[in-house]
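Below: the structure, in structure tokens.
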Amino acid sequence: MDDTAAMPTPGGLARYLRQDLRHDAVAGLTVALMGVPQAMAYAILAGLPAVYGIYTAIITGAVAALLGSSRHLITGPSNGLCMVMFSLTSGIDTAPEKLEVILLLTFLSGAIQLAFGLLRLGGIVRYVANSVVIGFTAGAGVLIALNQLKHLLGVRFLDSAKPRASYEVLYETVRVFDNTNTKALIIGVGTGLLVALLPKLHRRVPAALLSVIVGAVACYLLGWHLPGADKVKIVGDIEGGIRGSLAIFHLPEHIVQPDYQLTREYATGALAMALFGLIEATSIARTIARASEQRLDFNREFVGQGASKLVGSFFSSFAGSGSFIRTAINYRSGTRTRMGALFAAGWTALMLVAFGEVANFIPLSGLAGMLIVNAYTMIPRDRLRLSWHSGTNSRIVLVGTIVSTLLLPLEWAIFVGVFLSLAVILRTTGKTHLTQLVQRDDGGFEEVPFNRAAPSPVVTINMDGDIYFAAAEDLDSELLRCLTPQTKVVVLRMKRLRAIGSTAMSMLAHFSKLLRRRNVHLIVCGVEKELEDVMTKTGVRALIGETNIFFADNRLFQSTTLALARARSVAGESGARSSGTDDRRLTARDVMSPRCIRFGNKHQLREAVWLMSELHKHTKAISYQPLFLQDREGKIFGELSPWGVLRALLAGTEGADRNLDDDRLAALLRRDFTRPIRGIANTDISWEPEDAPLARVLKDAVASDEHVVPICDEEGRIKGLLSSADLLRGLGKMMLSDDEVRHE
953 MDDTAAMPTP
963 GGLARYLRQD
973 LRHDAVAGLT
983 VALMGVPQAM
993 AYAILAGLPA
1003 VYGIYTAIIT
1013 GAVAALLGSS
1023 RHLITGPSNG
1033 LCMVMFSLTS
1043 GIDTAPEKLE
1053 VILLLTFLSG
1063 AIQLAFGLLR
1073 LGGIVRYVAN
1083 SVVIGFTAGA
1093 GVLIALNQLK
1103 HLLGVRFLDS
1113 AKPRASYEVL
1123 YETVRVFDNT
1133 NTKALIIGVG
1143 TGLLVALLPK
1153 LHRRVPAALL
1163 SVIVGAVACY
1173 LLGWHLPGAD
1183 KVKIVGDIEG
1193 GIRGSLAIFH
1203 LPEHIVQPDY
1213 QLTREYATGA
1223 LAMALFGLIE
1233 ATSIARTIAR
1243 ASEQRLDFNR
1253 EFVGQGASKL
1263 VGSFFSSFAG
1273 SGSFIRTAIN
1283 YRSGTRTRMG
1293 ALFAAGWTAL
1303 MLVAFGEVAN
1313 FIPLSGLAGM
1323 LIVNAYTMIP
1333 RDRLRLSWHS
1343 GTNSRIVLVG
1353 TIVSTLLLPL
1363 EWAIFVGVFL
1373 SLAVILRTTG
1383 KTHLTQLVQR
1393 DDGGFEEVPF
1403 NRAAPSPVVT
1413 INMDGDIYFA
1423 AAEDLDSELL
1433 RCLTPQTKVV
1443 VLRMKRLRAI
1453 GSTAMSMLAH
1463 FSKLLRRRNV
1473 HLIVCGVEKE
1483 LEDVMTKTGV
1493 RALIGETNIF
1503 FADNRLFQST
1513 TLALARARSV
1523 AGESGARSSG
1533 TDDRRLTARD
1543 VMSPRCIRFG
1553 NKHQLREAVW
1563 LMSELHKHTK
1573 AISYQPLFLQ
1583 DREGKIFGEL
1593 SPWGVLRALL
1603 AGTEGADRNL
1613 DDDRLAALLR
1623 RDFTRPIRGI
1633 ANTDISWEPE
1643 DAPLARVLKD
1653 AVASDEHVVP
1663 ICDEEGRIKG
1673 LLSSADLLRG
1683 LGKMMLSDDE
1693 VRHE
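Okay, so the sequence shown: first residue is 953 according to the numbering used here, each after it adds one.
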């Protein structure tokens, strides 16, 4: 069956009936068995009779499956959205009016979601951090547990109490704790224990359904549901209970006869519901899609979610969203197409007609016990840990969302989470990343932290990231920090810039003028087509000068190399190094080899092994050149020789049998493969400056018995090396020079 088809095509119907029908039908039944008790409980959580949760599971589940794109997503009552609806309507006393307002909220949020989908705004969910969903889900889990304590204890809040925040709910619960109904507590705790323990027997056991059935049977047989001072309240006591009927079409009062003032009052809440519903549904669909390797269409998912609410509002259904638990059950049960969700809706409708009247005997405390267990399991501890350890930005969004969920009305908590997510994005992208490039003698480049390179007549700055108006603000002042009294030319490499606009061009023009006042030349390289067009149209290209602009090439650093050649010409530098000094003394720079192996000291031993093996694989002669390790600023840290690597690897084989086979030896060596190389490197290493006289280098090398001597600049950054062969060649030059002097 085609993923994009709402129903099996005629050509694929026979194949579907033969290959997929049984899998979808069985998965749908499993979801219905697990989901019906949850749907009832979530309706009560929203402040509605339990039957409306079943209506929602049927209608929104079917419509979202028909119009959505995910093969596995199950849409229906959602704990988070139910809590938001409960928060928004907590001030409404009468049940009929509360239902009408919730249907209005459902219609409005559906219209917003449908508009997002039709306008192809599905990509907006990428700008909301996963920490928002994690934080809101965790906070909502705490709120659900607190709000269900009154049902678990079989008590009622005082008529004057209208708690919304978590601390208010907890305070009101403590106030009426002395009125606890022991019978209700026994039923609730027993049901909760069954919900928690039954899945340990087998993961496909419909724990929720069996648990509420056991609780209902026990309550009925013991007569605890009968009128009395300590009566256990049951589903049938709420607004007429559940009827086994599908006559659910209903024209919402506030939609048929619009009350615009009421609509404006609840518009903000509807927007919050729409945003959270989309974020929740798409994140669940994305998680399952990674496992099933399905490609999702988020625009279509938006349409499906919005249409399900619009249609549902006319069929006594409140706003639903994706359910992670039911979706995971659907996926694990082997569903193959979106027909699985349609089957789940159909089985749910069948169960309502067949067993609806019986469900009236389910104790509310039993549903509360189930919800409290679900609230505990819905707090994603692994994802909380992951989000917490994912950096400061993630922690800010996570903690801010959790705290606002617990202390503020839930609709505002959603906005706080989304705002923090966007603020983090702007904070991250609002600063262009700057580094400096230093060209080596072999033509390659070293990248060092900004403003950490050695003073030089030519300063090369690499710009990376976004440079829209927020990032470009004050960037020219930041760039000026790298200037020294020696600086004659600044080269800006702009190949990695994105989101270039008018503010960025104003900054570049202003920076060029600031440099001119300091008699410093500006050269720009890595200019791609988009940047070229903007520079031309804004006049910045003419301001900088055509000879000072170098365009990007498919060869890496080609334009940078050309720009540096131009920069040296401007700065009056010679492109070639001097081969000697006025007093005919040779220096280390004259005979060193610029090609040496540089390696960061943060790497692991395994990476050093691979690098050395690759280098020696492509080298004809046997070389014992070590790896020269450098720190983050490019300064020499130490060296790691091939023998040093072997000693580190063999350190774990002491006492092992000398006749180990290859597999056993490899297993022993692998134990130290991830050791940091900085811990085994030789850091007691001497180096020579570039301008050191060759005679001094020769004496120092012989005295220290070094086969390879690193040559560094005045900042300690590696510029090349002197091997024994280089030293002998330099010695030959010295002897030849001496002969020429005597001949003269």
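Built from N, CA and C at the ideal position, the CB exists for glycine as well.
In the three-state DSSP reduction, Val-1660 falls in the strand class (E or B). For Leu-997, the closest of Val-1084, Asn-1326, Glu-1205, Asp-1182 by C-alpha to C-alpha distance is Asn-1326. Using a Cβ distance threshold of 8 angstroms, Thr-1046 and Gly-999 do not count as a contacting pair. Counting along the chain, no beta strand (DSSP E) covers Phe-1129, and no H or E run does either. In this structure, DSSP gives Cys-1434 a helical state, which the three-state scheme calls helix.
Counting other Cβ atoms within 10 Å of its Cβ, Lys-1671 reaches 16 or more and is therefore classed as buried.
Rounded to the nearest angstrom, the gap between the Cα atoms of Leu-1227 and Ile-1096 is 20 angstroms.
In the DSSP assignment, the residues bridged to Gly-1590 are Leu-1581. Contact check between the stretch 1656–1672 and the stretch 1578–1589: three or more CB pairs, one atom from each, fall below 8 angstroms, which counts as touching. Closest in alpha carbon position to Arg-1333, among Ala-1456, Asp-1657, Ile-1086, Tyr-968, is Ile-1086.
With at least 16 other beta carbons inside 10 angstroms of its own, Asn-1553 counts as buried.
The closest CA to that of Glu-1398, considering only Asp-1643, Leu-1389, Thr-1380, Met-1035, is found on Leu-1389. In the three-state DSSP reduction, Leu-1073 falls in the coil class, being neither helix nor strand. Residue state for Glu-1498 is assigned as helix, using DSSP reduced to three classes.
In the three-state scheme derived from DSSP, where H, G and I count as helix and E and B as strand, Met-1037 is classed as helix. The secondary-structure analysis by DSSP pairs His-1473 across a beta bridge with Val-1441.
Here Ile-1011 really is in contact with Ser-1269; their C-beta atoms are around 4 angstroms apart, less than 8 angstroms.
For Ser-1061, same chain residues with a beta-carbon under 7 angstroms away, outside a window of 5 residues either side, are Ala-1222, Met-1225, Ala-1226, Gly-1229, Lys-1261, Ala-1271 in chain order. Residues Cys-1434, Thr-1439, Val-1442 of the same chain have their beta carbon placed closer than 6 angstroms to that of Val-1411, with the five preceding and five following residues left out of the count.
Its chain contains Met-1457, Leu-1460, Ala-1461 as the residues whose beta carbon lies nearer than 7 angstroms to that of Val-1492, once the 5 sequence neighbours on both sides are disregarded; these appear in chain order.
Looking at the DSSP output, Glu-1398 bridges to Val-1390.
Ile-1194 and Leu-1374 have their C-alpha atoms spaced approximately 44 angstroms apart.
Here the C-alpha atom of Asn-1345 lies approximately 12 angstroms from the C-alpha atom of Val-1080. Excluding its 5 nearest sequence neighbours in each direction, Gly-1188 has C-beta neighbours in its own chain below 6 angstroms: Asn-1312, listed in chain order.
Counting the other Cβ atoms within 10 Å of the Cβ of Gln-990 gives 16 or more, which makes it buried. Contact between Arg-1252 and Gly-1013 fails: their C-beta atoms lie close to 17 angstroms from each other, not under 8 angstroms. DSSP places Ser-1317 outside any beta strand (DSSP E); the residue lies instead in the alpha helix (DSSP H), whose first and last residues are 1316–1330.
Listed as beta-bridge partners of Val-1411 by DSSP are Val-1442.
At least 8 angstroms separates the beta-carbon of Val-1649 from that of Val-1660. Residue pairing by DSSP places Asp-1416 opposite His-1385, Arg-1448 in a beta bridge.
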